[in-house]
Structures are given as structure tokens and as C-alpha cells.
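Chain order of the listed sequences is A and B.
Just so we're aligned, residue 8 is where the first sequence starts under our numbering, counting upward by one.
Just so we're aligned, residue 757 is where the second sequence starts under our numbering, counting upward by one.
Quick reminder that beta carbons are idealized off the backbone N, C-alpha and C, glycines included.
Values in this document were obtained by computation on a predicted structure and should not be read as measured data.
Notes follow the structure.
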Amino acid sequence: MKNLLYKEFRLALHPTSIIFLTLSAMLIIPNYPYYVTFFYTCLGIFFICLTGRENQDLFYMMLLPVRKRDIVRARIGMSVCLQCLQALICVPFAILRQSFKMPGNQVGMDANIAFFGLAFLMMGLFNLAFFTRYYANPQKIGKSFAIGSTVIFVYMGIVEAMTHFVPFFLELDTPDPENLTKKLLVLAVGIAGYAVLTLTACKKSEKELEKLDL
Amino acid sequence: MSSNVLQVSGLCKRYPHFALENVSFSLQPGTITGFIGRNGAGKTTTLKSLLNLVHPDSGEIRFFGMDFCKDEFAIKQKIGYVSGGISYYPSKKLSTISGVNRRFYADWDEDVYRRCVSRFQLLEDKTPSQLSEGMKVKYALALALSHHAELLILDEPTSGLDPVSREDLLEVFLQLAQDEQVTILFSTHITSDLDKCADNILYIRSGKIIEDAPRDAFLAKYQVVQTAEKPDASVIGARESKSGWTGLIPTGAPAPAGAEILKTDLEAVMVHLEKEA
Chain A
8 MKNLLYKEFR
18 LALHPTSIIF
28 LTLSAMLIIP
38 NYPYYVTFFY
48 TCLGIFFICL
58 TGRENQDLFY
68 MMLLPVRKRD
78 IVRARIGMSV
88 CLQCLQALIC
98 VPFAILRQSF
108 KMPGNQVGMD
118 ANIAFFGLAF
128 LMMGLFNLAF
138 FTRYYANPQK
148 IGKSFAIGST
158 VIFVYMGIVE
168 AMTHFVPFFL
178 ELDTPDPENL
188 TKKLLVLAVG
198 IAGYAVLTLT
208 ACKKSEKELE
218 KLDL
Chain B
757 MSSNVLQVSG
767 LCKRYPHFAL
777 ENVSFSLQPG
787 TITGFIGRNG
797 AGKTTTLKSL
807 LNLVHPDSGE
817 IRFFGMDFCK
827 DEFAIKQKIG
837 YVSGGISYYP
847 SKKLSTISGV
857 NRRFYADWDE
867 DVYRRCVSRF
877 QLLEDKTPSQ
887 LSEGMKVKYA
897 LALALSHHAE
907 LLILDEPTSG
917 LDPVSREDLL
927 EVFLQLAQDE
937 QVTILFSTHI
947 TSDLDKCADN
957 ILYIRSGKII
967 EDAPRDAFLA
977 KYQVVQTAEK
987 PDASVIGARE
997 SKSGWTGLIP
1007 TGAPAPAGAE
1017 ILKTDLEAVM
1027 VHLEKEA
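See the structure below:
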């Protein structure tokens, strides 16, 4: 796996994915739908897969002494690294935003502990929607990303709406450390959900790639 | 354990408008086998099926006595697949691609790689997109040879190359087979290349192997004849040319009256057999 990840970062990584990591700083924008930060992470993953198609990455990988399932694990492994790195870089900016002497985010969820849990869940849903379709037909990557993006924006819409109307979510949209237990619970559920969704995406994608004729 | 480097038995793959039917053949160590057939005959599909790049519907493929599906990892360590030069990562430097490749092969030999780079005059700070077609093939070969590939599967490696580059490559193939006992399966429709280097000929037409024989034995089956007038049906695949009609007759069969016997080569045999088909 170490060699596969080395290959991913040395050959497949698209420069925009690194640039998008710096967009974690968007969490200090006073009023902004912060989930968009993680949409950019997913956009970066799309660029990696898109240039991978142009660079015949799958064909290259198939010639190396690796199994087909390793190809999927490497790509999703790199995506997990980028998504976790994005979240990690977001943390200091979220803390900084909370230190501002101004009201919380007026156009969406505050950048607090629960937000990270919900953002992880969003990325897990993207991984499931995008990768399973991508490995079923890598040539139709635009369609896979359109579906993945739709999942993200529908999820964002639902979650943001819930923070206005659902009592439990109303308590989440508050500065830390208010309602800390509930927020930590959402963070834990979000991370667990992300792990389950991403592992499911990996297993399903492996099966799809196994069926694919190059 | 089988002494065959590659043993293919009953390989079948069906598409809506094309099918590989019961493809069977074997390769002996240190031999060069020319895999010929016209465009669309099934050469690339066969080669891709060997490496599971496309999934055969049925059949058995054994490399070095091992089943590909069970021992894919071990088999890939011992083979090199070159498909008309490298087409992947055209904007990355050769040194970067090689740096990644070497990590995947237990038997990667840096000295061999350096020798190949020097022998093929490859500049490692260039990218594949900056290489000529001939140099791309040479780079792909350098990668394959550096992990001591015992079997090279080459899909149209000389297509698009000028005659001098083709001769250079054929020289390399011959040296590899003779000096290092590398086995080469070499698909091409440029049959003159095989006149110079192939030990065996594998001839595929419409997804079926119609000939699997030593090159000399294959050529010895036919004679090329030229007549002034259109010959009768006993001449196989008669074609008209500026200087009359040419076709094949089975060796030993009586030639048509007034026919001139021409030199028999793979191209002549193939074009007339295809015409007859």
C-alpha cells in the first residue's frame, strides 16, 4: 500500500487538490456556507480522476504487479488522506472564526465540532456516490461527478434546513462549547458514518472495476 | 511443471460483433513468436485477455505454469507488456515514472535500467510526449527489461516507426531472445519485421487461430506464383498487380502454365490467404 500511495501522490495527484486544501481558510469568512470548503475537496478528487483518465492511469496500473482491487484502494486511500487533511487544516480556522467578537454564521451552520461530523458524513456520501459510478465506467467520469455533486448539494440543503427547523439541529448550530455532548456525538457519528460509507464505496468499486474491460 | 512460458487453451471472448473463438497456443523459452493478422482480427483482444485487461468468457491461461487469476502478482513480476510505446502519463518526466515503477518490482535492477537508458539514448528529463514513437517503445522496453522480464508481450511495437528505428528494435529483440533467453510474443501487421526475427508464426483471422507453426515451416507450405493472365481457381487468393496476377499455390502442386515462381515471404502469404478468405 505504501508504494501505491507513493504512486498516487507522485504521479496522479492534481495540483488543484493541494490548492483546494488552502481553502480551509474559508472557515474564517464571517458568513458563508462552510460545507462548500469540503465540496472543493471532492472537486479536487474529481480532477485527479479526470486527469487520470487522460493519462491512462488505469491502464498503467493494470500493467504493474498489483491486483485490480489495489488500484481502487490506492485511489480511495489518497482521497481519504486529502479529505482528512482538509478537515485537519480547517480546525485552526474554525477556532479562529469562533474567537471573532461577532454573531455566528448567518447563512449556514457555525464552524463548530458538530459541523465537522456533518461534513465527514457529506464526504462519505460523495465517496459512495462518486467512486462506485466512476469505477463502473471511468470514461463517463463527468456523469459520476454530477451525481456526486448533486448528493453533496442536496445533503447541504437538507442539513442547513434542519438547523433551522429541527430542535436537535438547532442546538448544534451554536458556538462551542455549548451543547458539547450532542456535538461530540454528532462528530463521532459523522466520522463513523464516513468510515462505513467510504469502506462500502471501496468494496463496491472493487467489484465494479473487477468487471471492467479495458 | 510445464516448460512453456505461456500456455493458452480454449480462450473465448464474445462481443456483439466479434468473437475470439477457442484461441490456443504456447510459447517456448527464448523464442520470438510473431502474432499476425489483419486489423481487427483479434490480436489486441487476445493479448489483453492474457493479462485480464479484458475478461475472457472461457479458456485457461497459464504463465510459467501458473494460473493468471491466482498468481497475478507473481506473474506480472516476470512479464513486460509493451503496447506501441508508453501512452500513460505523457507529461511526467521519465525519471519520475521510472522512480515509481522501480518500487513495484522485487527484481528491479538499477544497473540494467542504467544500461538500457544509455543503450537506447534515453534522456530521463524528457517526458513521454517529447519522445518519438521509436523512443517511446524503447523506454517501455527499458522498463520491462529492468525488472528482468522473462516474457515480453509486444502489441504492435513497430507500428508508426521509420524503417531504421524498426531495424534497431528488431536487433534488440533478437539479442534479447538469443543472449538472455527472453521470450517474445510480438503482434504486428508489418510482416516484413517477422521475416527478420520470428521463430514462430501465430496467424489469427476473425478471432480464430488459423496457423501456429515455425516460420520456415509455415512459409514452406506455399509458393508465390505470378502469371500474365488471371489464373484458375487452383491459385489461392489471386490478386491483380501492374505486372500481372500473383497468388499462392501449395508447395509441390503444379504451377499454372507460364507462371513465374517468386520469393515467398510472410506478407505475400498473408495477403493472398486473406484475399482467399
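Residue from the options whose Cα sits closest to the Cα of residue i
i: V114(A); options: I96(A), A153(A), D180(A), G200(A); result: D180(A)
i: A896(B); options: I853(B), Q833(B), L1004(B), R859(B); result: I853(B)
i: E912(B); options: S885(B), T1002(B), S814(B), T947(B); result: T947(B)
i: S759(B); options: K1019(B), K977(B), M822(B); result: M822(B)
i: K986(B); options: A994(B), D972(B), V980(B); result: A994(B)
i: G890(B); options: D867(B), T939(B), E828(B), S921(B); result: S921(B)
i: S962(B); options: A973(B), L776(B), A989(B); result: L776(B)
i: K211(A); options: Y41(A), I198(A), V79(A); result: V79(A)
i: D972(B); options: Q886(B), D951(B), G766(B); result: D951(B)
i: D935(B); options: I960(B), L762(B), G786(B); result: G786(B)
i: T23(A); options: M33(A), L71(A), L50(A), A94(A); result: L50(A)
i: I120(A); options: L28(A), F152(A), I165(A), Y41(A); result: Y41(A)
i: M129(A); options: N144(A), E167(A), I102(A), P110(A); result: E167(A)
i: A1009(B); options: D813(B), E906(B), S990(B); result: S990(B)
i: V43(A); options: A199(A), S31(A), F53(A); result: S31(A)
i: F66(A); options: L1022(B), D813(B), L809(B); result: L809(B)
i: S943(B); options: E1030(B), N795(B), V761(B); result: N795(B)
Counted within 10 angstroms of its Cβ, other Cβ atoms place residue i as buried (16 or more) or exposed
i: V203(A); result: exposed
i: F45(A); result: buried
i: F175(A); result: exposed
i: Q90(A); result: buried
i: Y162(A); result: buried
i: H1028(B); result: buried
i: Q784(B); result: exposed
i: S839(B); result: buried
i: Y771(B); result: exposed
i: T48(A); result: buried
i: C97(A); result: buried
i: Q937(B); result: exposed
i: A81(A); result: buried
i: V173(A); result: exposed
i: T188(A); result: exposed
i: A136(A); result: buried
Within-8 Å CB hit, residue i to chain B
i: F54(A); result: no
i: L125(A); result: no
i: K214(A); result: no
i: L12(A); result: no
i: L194(A); result: no
i: D183(A); result: no
i: Y141(A); result: no
i: M169(A); result: no
i: N144(A); result: no
i: Q63(A); result: yes
C-beta neighbour in chain A for residue i, strict 8 Å
i: T852(B); result: yes
i: H945(B); result: no
i: T932(B); result: According to the sequence as given, residue 932(B) is Leu; it is not Thr. No, L932(B) lies away from the interface with chain A (no Cβ there is under 8 Å from its Cβ).
i: L809(B); result: yes
i: R818(B); result: no
i: P846(B); result: yes
i: K849(B); result: no
i: V1027(B); result: no
i: R859(B); result: yes
i: M757(B); result: Low per-residue confidence applies at M757(B): pLDDT is 46, beneath 50, and the placement is therefore not dependable, though the value from the model is reported in the following sentence. Closer than 8 Å: no.
i: Y869(B); result: no
i: K826(B); result: no
i: Q886(B); result: no
i: G893(B); result: According to the sequence displayed, residue 893(B) carries Val and not Gly. False, the Cβ-Cβ gap to chain A never drops below 8 Å.
i: F942(B); result: no
i: L776(B); result: no
i: V856(B); result: yes
Own chain residues within Cβ distance below 7 Å of residue i, not counting five before or after
i: C953(B); result: I788, L926, F929, L930
i: A898(B); result: Y869, C872, V873, F876, L878
i: M757(B); result: Any reading at M757(B) needs caution, since the residue's pLDDT is 46, under 50, leaving its predicted position unreliable; the model's value is listed next. Excluding positions up to five away in sequence, the list reads G821.
i: Y861(B); result: Q833, H903
i: V87(A); result: T205
i: V196(A); result: G124
i: N38(A); result: N112, Q113, V114
i: F781(B); result: V764, L958, I965, D968
Contact with chain D by residue i, beta-carbon distance below 8 Å
i: P913(B); result: Included in the structure are the protein chains A and B, with no chain D among them.
Contacts around residue i, its chain only, beta-carbon distance under 6 Å, and the 5 residues preceding and following it disregarded
i: Q982(B); result: G1000, T1002, E1016, L1018
i: E217(A); result: K75
Contacts around residue i, its chain only, beta-carbon distance under 8 Å, and the 5 residues preceding and following it disregarded
i: K9(A); result: none
Which parts of the stretch 134 to 167 of chain A are runs of the alpha helix (DSSP H), unbroken and 4 residues or longer, counting only runs that do not cross its ends?
-> If we require 4 residues or more, the stretch 134 to 167 of chain A turns out to have no alpha helix (DSSP H) run fully inside it.
Continuous alpha helix (DSSP H) assignments of at least 4 residues falling wholly in the stretch 997 to 1028 of chain B = none
Would you list, in sequence order, the uninterrupted beta strand (DSSP E) runs of no fewer than 3 residues that lie entirely inside the stretch 43 to 113 of chain A?
-> Taking only runs of at least 3 residues, no beta strand (DSSP E) segment lies wholly in the stretch 43 to 113 of chain A.
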